[in-house]
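In the numbering used here, the protein residues as written are 930 to 1046. Every residue, glycine too, gets a C-beta built ideally from N, C-alpha and C. Read through the structure below, which is laid out as structure tokens, and then see the notes.
Structure below.
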């Protein structure tokens, strides 16, 4: 089965985890104004809070690759309260997509103003 995912951090082209998406089908880019991006140190985290937008890349992935992304993002559908990120649906200009939302508190001073990490 194919899944559409929107990525905003280390999975984007040119970043450390993009190799995981090398065989995925790149669909395009978008700016999601329904999200706000935060600097968490070694990686970013997005929250479902309106902003000027978070720049994302959109990919089509298969079931095994989605499971790999879930592990990378420390997402467990059976343990949502303790997962570091939650996988949630968002609307992109390419249709509905999964995005990983940070599942911990953040401070306002961690906000990334332009939505690009």
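Bridge partner(s) assigned by DSSP for residue i
i            : result
residue 1025 : 1020
residue 1040 : 967
residue 987  : 935 and 957
residue 1014 : 1031
Pair within 9 Å by beta-carbon distance, residue i and residue j
i            : j           : result
residue 1132 : residue 948 : The displayed coordinates of the chain run from 930 to 1046. Any statement about residue 1132 would go beyond what the structure contains.
residue 977  : residue 964 : yes
residue 985  : residue 935 : yes
Length of the line joining the Cα atoms of residue i and residue j
i            : j            : result
residue 1029 : residue 1037 : 19 Å
residue 1022 : residue 959  : 7 Å
residue 996  : residue 974  : 19 Å
residue 1003 : residue 957  : 25 Å
residue 966  : residue 951  : 24 Å
residue 1024 : residue 940  : 20 Å
residue 938  : residue 1026 : 16 Å
residue 991  : residue 961  : 23 Å
residue 1000 : residue 980  : 28 Å
residue 994  : residue 1042 : 31 Å
residue 1032 : residue 1039 : 15 Å
As assigned by DSSP and simplified to three states, the class of residue i
i           : result
residue 976 : strand
residue 996 : helix
* To do: Would you be able to state if there are at least three C-beta pairs under 8 Å between the region 939 to 948 and the region 1006 to 1021?
  => no
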